[in-house]
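K.L.:
My structure is below; once you've seen it, I'll send some questions.
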Ligand code: 1CP
């Protein structure tokens, strides 16, 4: 049986994440399922609220597959949100129209102690069913496309849990990390445990690669970055290596700047995602040559399209040529993106 399996070439995304310089590079786009697509807006309206969409497997699987049908990306990312972990730990969550996510913020040691990781896997059952459905859908419709599962980094998720909403500063989380490190550490450890179980469960349901989004990592001082970003990520990765051997892991410490090199060396991940501000030529030198990089087109270049899109894309490709690499944006697609600009981008990539 093994020889039969070896005869099927691995999916391009998995080869690149495994350290092979696949060219043209495999591609997917953060937030590729989203409001810029009319077919997404239709399903979103049908679901009503966002949490319902994330916990209704037939609808969540459908929106995960929509961009693959249109554009044929090599990666499909599970349609869900990083805040489904706090939700599954029992923290009330809603998405207010035009306001983004709203959580009831954690205000005390008792509230942190009351978070219950034991209920997580049963509460996320519908999300795991989405994973299984998408995997089946890909096998039938897009056999070269790999399914990426994900979770937020512990620090980023803690930011939202303590602040209760998006913020420019996340002063509640960063302040608590300095003022009461044992208490902040307790929240981080709860998230570490919950995130590990959640990611293992996604792999068991059919995810073929995993990504950890630490979107607010770049707000931390170097010492705090090592303690609250690198260490918890490395702990999650150690367990994943044991329980999900061979599943590639992508880390995204957004706005880490030069700390990206430390993260790449010490978090244990297979691939490092670059944000829009990162110079890919610097990253190519700073990250070991066998480690895949992913990124980092500015989502606004995709909105602009035309010559700006082409020039920015080609400059990133030139910096990444010859190394394991996955094309992506440096942050999520924005709603005003014309869908035909994504078609143009895919054409540029395929002729690379
Ligand atoms: O009404 C809508 O359609 C809601 C918009 C939306 C979408 C489409 C939100 C609210 N989340 C998502 C999906 C989502 N979020 C995915 C799905 C897969 C994909 O296509 O990429 C993923 C991976 C996320 C991850 C996520 N959620 C992050 C990390 C990546 C990043 O963008 O930095 C963060 C920080 C969130 C929180 C969140 N969820 C939604 C919003 C608007 C926000 C940001 C809130 C803020 O800080 O202002």
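Residue numbers (full-length UniProt numbering): 1 to 352. Glycine included, each C-beta is placed from N, C-alpha and C at the ideal position.
Hey, which unbroken runs of the alpha helix (DSSP H) at 4 residues or more fall wholly within the region 72–110?
P.N.:
84–88
K.L.:
So, for residue 310: in the same chain, excluding its five sequence neighbours on each side, which residues have a beta-carbon less than 7 angstroms away from its beta-carbon?
P.N.:
348
K.L.:
Is there at least one non-hydrogen atom of ligand 1 closer than 8 angstroms to the beta-carbon of residue 33?
P.N.:
yes
K.L.:
Are the region 262–276 and the region 295–306 touching, with three or more C-beta to C-beta distances below 8 angstroms?
P.N.:
Segments in contact, yes.
K.L.:
Given that a residue counts as buried once 16 or more other Cβ atoms are within 10 Å of its Cβ, and exposed if not, what is residue 283?
P.N.:
buried
K.L.:
For residue 313 and residue 168, what's the separation of their Cα atoms in angstroms?
P.N.:
29 angstroms
K.L.:
Would you tell me roughly how many angstroms separate the C-alpha atoms of residue 304 and residue 184, rounded to the nearest one?
P.N.:
42 angstroms
K.L.:
Rounded to whole angstroms, what's the CA-CA distance from residue 104 to residue 96? Just pull it up for me.
P.N.:
13 angstroms
K.L.:
Just to confirm before moving on: does the CB-CB distance between residue 59 and residue 46 stay below 9 angstroms?
P.N.:
yes
K.L.:
Between residue 152 and the rest of its own chain, which residues show a CB-CB distance below 6 angstroms, the 5 nearest in sequence each way excluded?
P.N.:
82 and 213
K.L.:
Does any heavy atom of ligand 1 sit closer than 8 angstroms to the C-beta of residue 278?
P.N.:
Flag unset: Cβ of residue 278 not near ligand 1.
K.L.:
Residue 206: which of 139, 117 and 101 sits nearest, CA to CA?
P.N.:
Looking at the Cα atoms, 139 is the closest of the given residues.
K.L.:
When DSSP labels each residue in this structure, what does residue 15 get in the three-state scheme?
P.N.:
helix
K.L.:
Is DSSP giving residue 304 helix, strand or coil here?
P.N.:
helix
K.L.:
Is there a C-beta anywhere in chain B that falls below 9 angstroms from the one on residue 178?
P.N.:
Protein chains in the displayed structure number just one, and chain B is not present.
K.L.:
Straight-line CA distance for residue 160 to residue 84?
P.N.:
11 angstroms
K.L.:
Note down the Cα distance separating residue 351 from residue 24, rounded to an integer number of angstroms.
P.N.:
7 angstroms
K.L.:
Please determine, among 171, 232, 174 and 210, the residue with the shortest C-alpha to C-alpha distance to residue 149.
P.N.:
210
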